[in-house]
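Here's the structure we're looking at; comments come further down.
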Amino acid sequence: MSDDHDHHDGDDDHELRVSKIRDGTVIDHVHGGQALNVLAILGIDGSNGEEVSVGMNVPSDRLARKDIVKVEGRELSQDEVDVLSLIAPDATINIVRDYDVVEKHRVERPDVVEGVLSCPNAGCITTGDEPVTSRFSVLEDGVRCSYCETIVRDEIADLIDT
Numbered sequence: 001m002s003d004d005h006d007h008h009d010g011d012d013d014h015e016l017r018v019s020k021i022r023d024g025t026v027i028d029h030v031h032g033g034q035a036l037n038v039l040a041i042l043g044i045d046g047s048n049g050e051e052v053s054v055g056m057n058v059p060s061d062r063l064a065r066k067d068i069v070k071v072e073g074r075e076l077s078q079d080e081v082d083v084l085s086l087i088a089p090d091a092t093i094n095i096v097r098d099y100d101v102v103e104k105h106r107v108e109r110p111d112v113v114e115g116v117l118s119c120p121n122a123g124c125i126t127t128g129d130e131p132v133t134s135r136f137s138v139l140e141d142g143v144r145c146s147y148c149e150t151i152v153r154d155e156i157a158d159l160i161d162t
């Protein structure tokens, strides 16, 4: 068998082939199917010409299936990482500079997130015309509005203000 890696002859090759980025952020170990929500959180829809690589539902030792997002030329802010932690609690953030990973850390869920989620309760003071910034306490399995106490466990990504 030759060393030509362009031809795959078996199931022994589980390597994800996505090109390395020079400078930017790699968000790894995102639960399978959440990559598009990650892009939404980051405000990336392709219209600004960002270089982005996305792998969805790829094999993972840790998660069975995972997504991975690589964003060229951008390092995430702590606010962005905090929101990501709500939908990707097991994610790893890798900061890449000149093709080398210079920082690698797991996301940590904050106790509170402010101004990033919309309360689904139409009667909440944050959803009306009042100039009130949304505030949610982060629970083990969801988030709770600090004003009306509404708890959201599923579809948190749908509440993200973009």
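Letter by letter, the sequence shown follows residues 1 to 162 in full-length UniProt numbering. We put the CB at the ideal spot given by N, CA and C, even for glycine.
- Per DSSP, L139 is one residue of the beta strand (DSSP E) stretching across 135–139.
- Under the three-state reduction of DSSP output, L117 falls in the strand class.
- Contact annotation: R74 and G24 have beta-carbon atoms nearer than 8 Å.
- Beta-bridge pairing by DSSP links E103 to I95.
- Going by beta carbons, V30 and K66 fall inside the 8 Å limit.
- For E149, there is no enclosing beta strand (DSSP E), as DSSP marks it with neither H nor E.
- The bridge partners DSSP lists for V52 are V71.
- According to the DSSP assignment, V81 belongs to no beta strand (DSSP E) but to the alpha helix (DSSP H) extending over 78–87.
- If you draw a straight line from the Cα of V102 to the Cα of I27, it comes to about 14 Å.
- For P110, the CB contacts under 8 Å within the same chain, skipping 5 residues up- and downstream, are D82, S85, V138 in chain order.
- In the displayed model, A122 falls within coil according to three-state DSSP, outside both helix and strand.
- Exclusion of the five residues before and after R106 leaves T92 as the residues of its chain whose Cβ lies within less than 6 Å of its Cβ.
- In the displayed model, I160 falls within a strand according to three-state DSSP.
- Around the beta-carbon of A64, fewer than 16 other beta-carbon atoms lie within 10 Å, marking it exposed.
- When only Cα atoms are considered, T127 and C119 end up about 7 Å apart.
- Counting the other CB atoms within 10 Å of its CB gives A122 a total below 16, which places it among the exposed residues.
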